[in-house]
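In terms of full-length UniProt numbering, the sequence shown opens at residue 1 and continues consecutively. Glycine residues also receive a C-beta, built at the ideal position from the N, C-alpha and C atoms. No experiment lies behind these values; they were computed from the predicted model shown.
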Amino acid sequence: MYYIEGSVQPEQFPNILATFWWAIATLTTVGYGDVVAHTPSSKIIVIILIITGILAIAIGSQLIFDRIIKFQLNRTTLLPSNPLDYHDHVVIAGYGAKGRRIAEIFRDRFVQVIIVEKDIERAKLAEYSGFEILRADITKPGVLRILSLDRANAICLLLTNDSATIQTAILARSFSEDLRIYAEISSLPTYDIIKFAGVDRPISQVDFLA
């Protein structure tokens with residue numbers, strides 16, 4: 001640009017430093033307007049710099065935004081290194097409409113409630129509602145270990161998949177024989193089978209409606 005415009009506008013492009021300042025102002029889309037390109041070649045360079053600046057800012061902003069989101073997700077899914085220090089608490093896996101209602105009932109009875117929810121929006125809702133929240137997958141043995149199920153009063157499994165419910169119930173029972181396990185099931189065959197998985201009270205959709 002210095003070599004192109006320097007001969008046309010020597011007062012505007014007197015040296016490399018002045019040209020560099022102009023390039024930075026154009027690249028960042030600031031464009032003060034005190035220096036304007038006159039030749040066709042210079043105008044093409046200006047267009048390229050403006051487009052490059054816009055793309056660089058857009059891509060850079062997206063990368064920063066993605067990093068922030070990933071950081072937030074990693075922070076919220078970071079599990080404690082030691083089991084939670086609770087006794088006679090109730091664990092509710094799933095903070096949908098049913099989970100919210102059950103959690104409120106136990107809280108009204110002054111029972112410590114721990115919500116386990118892997119969906120970030122539901123987890124935030126539980127946190128805003130004042131519940132202790134662990135954003136994690138309840139079907140993972142490591143998550144169950146952190147919940148101190150050997151000292152818990154009960155666990156309510158409100159999952160969307162009966163197979164996952166059975167698997168989690170079996171794992172939960174292995175932590176304590178005295179733990180009361182309640183589980184929502186969606187199919188009649190599962191209702192007959194799930195008691196063999198250590199569930200004390202299987203709950204069907206009809207039971208919830210009642």
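Grab me the residues of A154's own chain with a C-beta within less than 6 Å of its C-beta, minus the 5 sequence neighbours each way, in chain order.
A distance below 6 Å between beta-carbons, with the five flanking residues on each side excluded, links A154 to the following residues of its chain, in chain order: V90, R180.
Using a Cβ-Cβ distance cut-off of 8 Å, determine whether D88 contacts chain B.
This model lacks chain B altogether, as it is built from one protein chain only.
Suppose the cutoff is 8 Å on Cβ atoms and the five residues either side in sequence are ignored; what does the same chain contact list for P83 look like?
Within the same chain, P83 has close Cβ partners R145, I146, L147, S148.
Quick check: what's the CA-CA separation for V111 versus A93?
Roughly 16 Å separates the two Cα atoms.
Going along the chain, which residues of its own chain have a beta-carbon closer than 8 Å to the beta-carbon of A169, five neighbours each way excluded?
These residues qualify, in order along the chain: L157, I181, A183, I194, A197, G198, V199.
Could you check if D162 is buried or exposed, using at least 16 other CB atoms within 10 Å of its CB as the buried criterion?
Counting of Cβ neighbours within 10 angstroms places D162 among the buried residues, the total reaching 16 or more.
Residues that Y86 bridges to, as DSSP identifies them:
Looking at the DSSP assignment, Y86 forms no beta bridge with any residue, so it has no partner.
Since A154 sits in a beta bridge, which residues does DSSP pair it with?
According to DSSP, which records beta bridges pairwise, A154 is partnered with V90, R180.
Cβ atoms of K118 and R100: under 8 Å apart, would you say?
No.
Output the boundary residues of the alpha helix (DSSP H) element that contains R145.
Taken as a continuous stretch (DSSP letters only), the alpha helix (DSSP H) holding R145 covers 141-146.
Length of the line joining the Cα atoms of G130 and I105
The straight-line gap from Cα to Cα measures roughly 14 Å.
Counting C-beta neighbours from all protein chains within 10 Å, is the total for L188 16 or more, i.e. buried, or is it exposed?
Counting Cβ neighbours within 10 Å, L188 comes out exposed, since fewer than 16 surround it.
How many angstroms separate the CA atom of L79 from the CA atom of A126?
Straight through space, the alpha carbons of A126 and L79 are spaced by roughly 17 Å.
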